Each structure stands twice: as C-alpha cells, then as structure tokens.
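In this note's numbering, the protein residues as written are 2 to 467.
Rendered as structure tokens:
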C-alpha cells in the first residue's frame, strides 16, 4: 500500500510528540516527589536560618507559618514550649532523634528527621542555638497530596499539549506537503506535454526555489516543443513541396515527351512512307504539307518550352512608355488571318482614359500574344473575339473574350499548369503546346498582377490588370 508524504510527515512528527509526552509523564511520576521534597527542605532551611539569626514576635512567626504552610516550634533548654500544649511534639521529636544526630543538634547543626504522632506523619527540621531549640515541621500527608495534584495537573497539561502538538503537526504536514503536491501535478502535466499549469509557490526556501525552477523548465520545454512543432511543420511542408515539385517534374517530363513524340512520330511515319514508295503520286503534296505543319508545331513547342524554362527566372527588361491601344491593335492584327479561317470576328473596345503607360514591353507582349492565341484556338466557328481595356482607379483591366464552351470552375486553377488540358486524352483538335498560360502565370505572378477567368453566356473571358 502506497503511503503518502503527508502521512509519513504526520506520523513522524506525531511520534516525536508522543515520545516527548511519555518522557514528560515518566519524569513527572518518577522525579516529581523528590524534586518537590528537595524544594521544601531548601525552603525550610531558609526559614530556619532566618529565625535562627533574627528575633521574631509571635505574630511574625505565625505569618511565616502561613506563608510557607509549615509549623514552627521554638523551645528553651528547659523544654518549656513557647506555645501551649506543644510539649508532646517536642517529646516525640526527641524520641526519634538518633544519638549521633542529637550530638549534631547540640553542636548547633541542623538535622532533618521524619516523625509520626498517631496517624500524622511529619518531616521536621531542627536546630539549637543559645539554649533555644527551633523545629520546623511540615505534614507529609500534605506533601503527598500536593505531589499528587501537581502530577495530575502536569498530566492533564501534558495531554492537552499533546493534542495541540498533534493538531499543529497535522497543519504543518499539510503546509509542507501542499506545495509538493502542486509541484507533482505540474510535473505530471509536463510529462503529458501540457504546460498550462504553473507552480504557485511563494515561499523563499528550497521548495520555493524548486517551484521557480520547474516553472522555468516548463516554459523552456513549451517554447522548445512549439519551436520543434513549427520546425516539423515546416519540414513537412518542405517535404510535401519537394514531393510536389518532384511529381510536377515527372509530369512535366512526361508531358514534354508526349508533346515532342507526337509530331516527331507523324513526321517519321510520313517520311518512311514516302521513302518506301507506298505513297501515291497525288498524295505526296499532302504528305509534304503534313510534315511541314508538324515541323512548325514542333518548332513552336520548342520555342514555348524555352520561354517556359526562361520564365523560371523572369528577365527584367527596361521600363518604357507605350500607347496600350496601339500595342493591342498591332498584336490583334497578327491574328486576323487565323480568325478569318474560322470565320471569327475580332472586336476591340478601348475605354481607357490612360493611353500612355510605363511597362516592360517584352513581357507584356508575351502575355497578350498567349491570351490572343488561346482565344483563337478555342473560339467557336463563326464566333467572335472581343478585346477590351477598362480603367479602375489607377489600374488598367485588359479582357480577352472568346465565344465557345464555358470552362468548369473546378478547372480554373489547373489550366495555368504546364501541359494541362481539359481534354484528358490530349486531343490535338485545338492545337497549342500547353505552355502558353503557364508562361503567362509566371510573368504576372512575378509582377504581382492580378489575373483570372470568368464564364459568361456563350463564352469565356481571360483578364489581367497592369
């Protein structure tokens, strides 16, 4: 059975109190009477010496008797007592005096003897001087009674002291154990990595110092654990980021391989067919056109791939003042032929009051061309493309709209990723390299420009601000 510290302290101190109580009772029982008698004898000797060396009247003698609770007998050599009816006491006194003591008495020394007159027992101290015998007598019965009363009193007082000692021991043990219990609770919480409790100890002693040290340790552990958690979270984030980068690299390499393999495979297939002579004469021109077209696509893919890789470190061009309306008009004209092939109408709407702006021209052209080429690829047959510029406060918002199918909002984030296509089969119907919007994203992110996608009726808007 586990015994608490409170129990051990309480029992230990209580045993000391009990032992002290028993020792006091034993001393009281064994030595009280002897001590009391010795004190009486010393007092009798003082009184005897005072009477012997001084002359007292009868009243003064009676006063001494009353003060000291004793009887005093003064008798001349002829044994005629000063007090009436005292001769019997004198006779009994001399009957119990040994010869040796009688000689001491005659020589002026004091002698102590015990006498009894019937049932009465006395303790007598006598001396003899100038033919005068002086006897001081105290009742042994009163001595016994007084000793008994004193022993009883000290016994009761000792027991009360014992009870008070036990109560004080209980309170003291509780006071000693309370801060230790507080420290125990705090350390248990610390073991469970909980640091919300602190040691509330205000005493300026070793326990108080221990409480302060535990509080300091708790604070240090909490701080270090929090730092460790933060470091672990950061490490976890870094590992996830590294994994994501590794996955993106694998996906990127796979996508590049696929995008390169498709035109190369077509070119090789068509050339092998022509070399082996299995192509009809009237089909040769068609084969040449396919080879040239796939070569152009391969060149475009490589150019865009180089641009994409270069955007990992965006080139900072010199800032120049341009007329945005003229730049947009010039870039839109480059796509007129492609638009006419699909019978698409391109509409421009420049509502900006801010004609001149300061930008990095080269990067702006890359962004505009990629948005326009994306619109040309995805615009519906006989549809339209709308390029507009609007001013909002100190910003210019450029929007490129193309008619056609909406884009699912769940794809809004994904289409900015390299080689991502909504058509999972990588159908080449819409052309393109799958890198254009990724290049746009890197450039706009570098300059902290906002951009996005909006679905509207019968079409999609890509927008960005400068």
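Even glycine gets a Cβ: it sits at the ideal position worked out from N, Cα and C.
Since this is a predicted model, take the numbers as computed values, not measurements.
Residue 6: member of the alpha helix (DSSP H) spanning 6 to 54, first to last residue. Rounded to whole angstroms, the separation of the alpha carbons of residue 250 and residue 363 is 27 Å.
Going by DSSP, residue 391 is part of the beta strand (DSSP E) stretching over 385 to 393.
Spatial neighbours of residue 348 in its own chain (CB-CB distance under 8 Å, excluding positions within 5 residues in sequence) are listed in chain order as 385, 386, 387 and 388.
By a beta-carbon distance limit of 8 Å, residue 444 does not contact residue 360. Their separation comes to about 11 Å.
Taking residue 266 as reference, the option from 391, 287, 133 and 295 with the minimal CA-CA separation is 295. A Cβ-Cβ distance of about 7 Å is found for the pair residue 144 and residue 41, placing them in contact under the 8 Å criterion. For the 9 Å CB-CB criterion, residue 449 and residue 391 do not form a contact. Contact annotation, residue 148 with residue 32: C-beta distance approximately 11 Å; criterion of less than 8 Å not satisfied. The beta carbon of residue 177 sits closer than 7 Å to those of 10, all from its chain and outside the five residues before and after it, given in chain order. For residue 170, the enclosing alpha helix (DSSP H) starts and ends at 141 to 192. In this structure, the beta-carbon distance from residue 280 to residue 340 does not fall below 9 Å. Collapsing the DSSP output to three states places residue 345 in coil.
Excluding its 5 nearest sequence neighbours in each direction, residue 394 has no C-beta neighbour in its own chain below 8 Å. Here residue 174 is buried: its Cβ has 16 or more other Cβ atoms, across all protein chains shown, within 10 Å. Taking each of 111, 337, 338 and 342 in turn and checking the Cα distance to residue 53, the smallest one comes out for 111. DSSP lists 320 as the bridge partner or partners of residue 361.
In the structure shown, residue 461 falls within a strand segment according to DSSP collapsed to helix, strand and coil. A straight-line Cα-Cα distance of about 10 Å links residue 64 and residue 58. Going by DSSP, residue 61 is part of the alpha helix (DSSP H) stretching over 59 to 69. Bridge partners of residue 127 according to DSSP: 112 and 136.
The alpha-carbon of residue 192 is positioned some 22 Å away from that of residue 207. Collapsing the DSSP output to three states places residue 278 in coil. Looking from the CA of residue 49, the closest CA among 165, 134 and 184 belongs to 134. For residue 74, the beta-bridge partners assigned by DSSP are 136. Pairing residue 454 with residue 398 gives a Cβ-Cβ distance that is not under 9 Å. In its chain, beyond the 5 residues on either side, 180, 183, 208, 209 and 212 have a beta carbon closer than 7 Å to the beta carbon of residue 202.
In this structure residue 26 is in contact with residue 156, their Cβ atoms being roughly 6 Å apart against a cut-off of 8 Å. Here residue 411 is exposed: its Cβ has fewer than 16 other Cβ atoms, across all protein chains shown, within 10 Å. Counted as a single uninterrupted DSSP element, the alpha helix (DSSP H) harbouring residue 439 occupies residues 437 to 447. For residue 66, same chain residues with a beta-carbon under 8 Å away, outside a window of 5 residues either side, are 72 and 73 in chain order. Comparing alpha carbon positions, the residue from 30, 229, 29 and 140 closest to residue 122 is 140. The C-beta distance from residue 373 to residue 416 rounds to 16 Å, too long to fall under 8 Å, and the pair is not in contact. If the five residues before and after residue 159 are omitted, its C-beta is found closer than 7 Å to the C-beta atoms of 22, 25 and 26, all from its own chain and listed in chain order. Of the other Cβ atoms in all chains shown, 16 or more fall within 10 Å of the Cβ of residue 437; this residue is therefore buried. According to DSSP, residue pairing for residue 400 in a beta bridge involves 389 and 464.
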